[in-house]
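Notes follow the structure.
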Amino acid sequence: MINIFPYPLHEGSHWIPGRTGIKEILWSTELSQEKASRIIGWWDKHRGDIEIHLLPFVSASPIIGCFVDENQVALNSKQMDRIPPEMVPFILLHESRHSDQAREGLYHEEYFRAALEEDRDAFAENYRKAEADANTYALSVMDELGFSIFARVERSRLRANEDAAGQVYEMMREDIKKYHPATFRDLVMKQIIG
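Structure (structure tokens):
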């Protein structure tokens, strides 16, 4: 059972429930103990600065995971039984790279601003760059961790989000109209906790 409790994002900021650990997440999947242990060891060494939250997102969009900020990612508990177990570490790695991108000031505010300004082309350009980079990172680590067959077989499906800019743009425009966010982070928070 995963321990879920409220945890502040930043002093004076929103609270986000569902703080958990990589061990609890992976041991709740059907991954073998050996595979899960390999990922846990790697994560603790290389991504230990990234906090993980597991909670049911309020958004009706089929969002599996998202990055919250420079050191936090979230998984949608409503989607976990719909994906293969190997997809869970892939999503965590992918979203953790988005946290790196945010730390580096790359992409996200640009594509959020483009969505606010209804500039589909600028949105698509920044979105594709962000997704391609996060996918390349996650696939590389999956290969390194011995999931090369999964990565090879699923590569085209895992990279499909790079070509989904139009669909994501429409979902984001709907959520912008619904939630009236001021920033990308504000939008994410409203999508996951309301």
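Numbering-wise (this note's numbering), the sequence shown opens with residue 2 and increments by one.
A virtual CB, placed ideally from N, CA and C, is assigned to each residue, including glycine.
| Asked | Found |
| --- | --- |
| Under 9 Å between C-beta atoms of histidine 109 and asparagine 127 | yes |
| Neighbour-count burial assignment, glutamine 34, 16 or more Cβ in a 10 Å radius | exposed |
| Distance between alanine 125 and valine 69 (C-alpha atoms, nearest Å) | 21 Å |
| The alpha helix (DSSP H) enclosing valine 69, as first and last residue numbers | Valine 69 -> not in any alpha helix (DSSP H); beta strand (DSSP E) instead, spanning 66-70. |
| Spatially closest choice to threonine 137 from Tyr180, Glu119, Ile65 and Ser157, by CA coordinates | Ser157 |
| Whole beta strand (DSSP E) elements within the stretch 26-101, 3-residue minimum | 52-56, 66-70 and 73-77 |
| Cβ-based neighbour list, isoleucine 26, same chain, cut-off 8 Å, excluding 5 preceding and 5 following | Ile3, Ile53, Leu55, Leu76, Val89 and Leu93 |
| Distance CB(aspartate 176)-CB(serine 60) smaller than 9 Å | yes |
| Paired residues, beta bridge with threonine 21 - DSSP | Ile53 |
| Same chain, Cβ closer than 6 Å to glutamate 31, five either side skipped, listed in chain order | Pro86 |
| Counted within 10 angstroms of its Cβ, other Cβ atoms place arginine 282 as buried (16 or more) or exposed | Because the chain here runs from 2 to 195, residue 282 falls outside it and cannot be looked at. |
| Cβ neighbours of glutamate 132 in the same chain (closer than 7 Å, five flanking residues each side left out) | Asn162 and Glu163 |
| Cβ-Cβ distance between alanine 152 and leucine 159 below 9 Å | yes |
| Span separating the alpha-carbon of glutamate 145 from that of phenylalanine 91 | 12 Å |
| Integer-rounded CB distance, given that cysteine 67 should sit under 8 Å from isoleucine 228 | Residue numbering for the chain in the displayed model covers 2 to 195; residue 228 lies beyond these limits and cannot be assessed. |
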